[in-house]
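In my numbering, the protein residues as written are -9 to 338. The beta carbon of each residue, even a glycine, is placed where N, CA and C say it ideally should be. Being a predicted model, the structure only gives us computed values, none of them experimental.
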Ligand SMILES: Cc1cc2nc3c(=O)[nH]c(=O)nc-3n(C[C@H](O)[C@H](O)[C@H](O)COP(=O)(O)O)c2cc1C
């Protein structure tokens, strides 16, 4: 039986609490970036002072190709989290995703937890969010338009999360009719749709089916960071030896594969899932991502060091990316994408 509004809110609260720990990380599986190294370019002539990360995303200029991934909303503690994430995103001039707005369709109680985002981040791209398992149940798309307006979203994110739904107590692992619904939703909404996973990755095959429906962005949200199977297994008092804990495709594999579709489709490719530092960001861009994104590490940093801590973290990450660009002879991100990575196995 589907859960009710209070259960949704309680689940969101438990998600935040569990994600503030590292207990929900993948066990053995890695994001895969460590299998690559950058090729040192000993005769670099890059002008460090002229490296500029500014890029256009959803018709807005952002300072870094970076997105704070969709996390929360719909539970009391999420108002304060979203308020501060929004301040950080607006100060840094980067994009920000809202957590699933499902709760806002169930009752009126926590609408401010979502609205605060646009209030505190008036200038940057904001992404709305709803689960695919809700989309397939909709009789009309008016509620989705309502959610777009609620946060004045520049794009709507639909998250696909079959492994999470399958592991979740009272989950809804039923996505029948999804592609058909997406095709219609793309035409109905005035803003583009981006489809993301939540940490189990999107394969090239799946991405191609999605792009055929007209969606304009893919966030691979691959394996190696937060395991959402793991989160739900823990919520069920299961143990970490559960065979599905590490289910998913590593982020680097998804990026490499999905980037190949750029030859055929025009879309935004977002690299996320286990981004830990500037090297991961640089590698995700070098593998073809237009933007990198991160979730749990940002939440943990916010909890520990506040808005300033989040700003510093992201600025430090891009300082590292800048240094990598210098050392690889890349004046621009598109030059960084030009064969600057080597598989470590080829180094020996
Ligand atoms: C506390 C928390 C809540 C999340 N809630 C959502 C959500 O509502 N919708 C969504 O699409 N993804 C959600 N995610 C998933 C993230 O957006 C991201 O895809 C995933 O955690 C993998 O990234 P990471 O390894 O950087 O954490 C959530 C993540 C966290 C940490």
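Where residue i sits in the DSSP three-state scheme
i	result
residue 88	coil
residue 239	coil
residue 213	strand
residue 284	strand
residue 117	strand
residue 320	coil
residue 27	strand
residue 208	strand
residue 333	strand
residue 143	coil
residue 111	coil
residue -6	coil
residue 202	helix
residue 21	coil
residue 160	coil
residue 136	helix
residue 34	coil
residue 1	helix
residue 126	coil
residue 99	coil
residue 104	helix
residue 328	coil
residue 8	helix
residue 233	coil
Residue environment, residue i, which counts as buried when at least 16 other CB atoms sit within 10 Å
i	result
residue 340	Not covered by the structure: residue 340. The range shown for the chain is -9 to 338.
residue 127	exposed
residue 155	buried
residue 11	exposed
residue 191	buried
residue 294	exposed
residue 160	exposed
residue 92	buried
residue 67	exposed
residue 1	buried
residue 286	buried
residue 145	buried
residue 46	exposed
residue 104	buried
residue 32	exposed
residue 171	buried
residue 158	buried
residue 59	buried
residue 151	buried
residue 279	buried
residue 69	buried
residue 334	exposed
residue 256	exposed
residue 182	buried
residue 356	The structure shown has nothing for residue 356, since the chain only spans -9 to 338.
residue 277	buried
residue 140	buried
residue -9	Since pLDDT at residue -9 reaches only 47, below the 50 mark, its modelled position is unreliable, and no value is offered.
For residue i: DSSP bridge partner residues
i	result
residue 228	None, per the DSSP bridge assignment.
residue 94	Its beta-bridge partners do not exist; DSSP assigns none.
residue 148	120 and 185
residue 153	Beta-bridge pairing links residue 153 to no other residue.
residue 15	216
Ranges of the alpha helix (DSSP H) found wholly within the stretch 165 to 196, counting only runs of at least 4: Complete alpha helix (DSSP H) runs here, min 4: 168 to 178.
Complete beta strand (DSSP E) runs within the stretch 38 to 85 (minimum length 3 residues, chain order): Qualifying beta strand (DSSP E) stretches, in chain order: 45 to 47, 50 to 52 and 56 to 58.
Completely contained alpha helix (DSSP H) runs for the stretch 252 to 310, where each covers 4 or more residues: Runs of the alpha helix (DSSP H) inside the stretch 252 to 310: 268 to 276.
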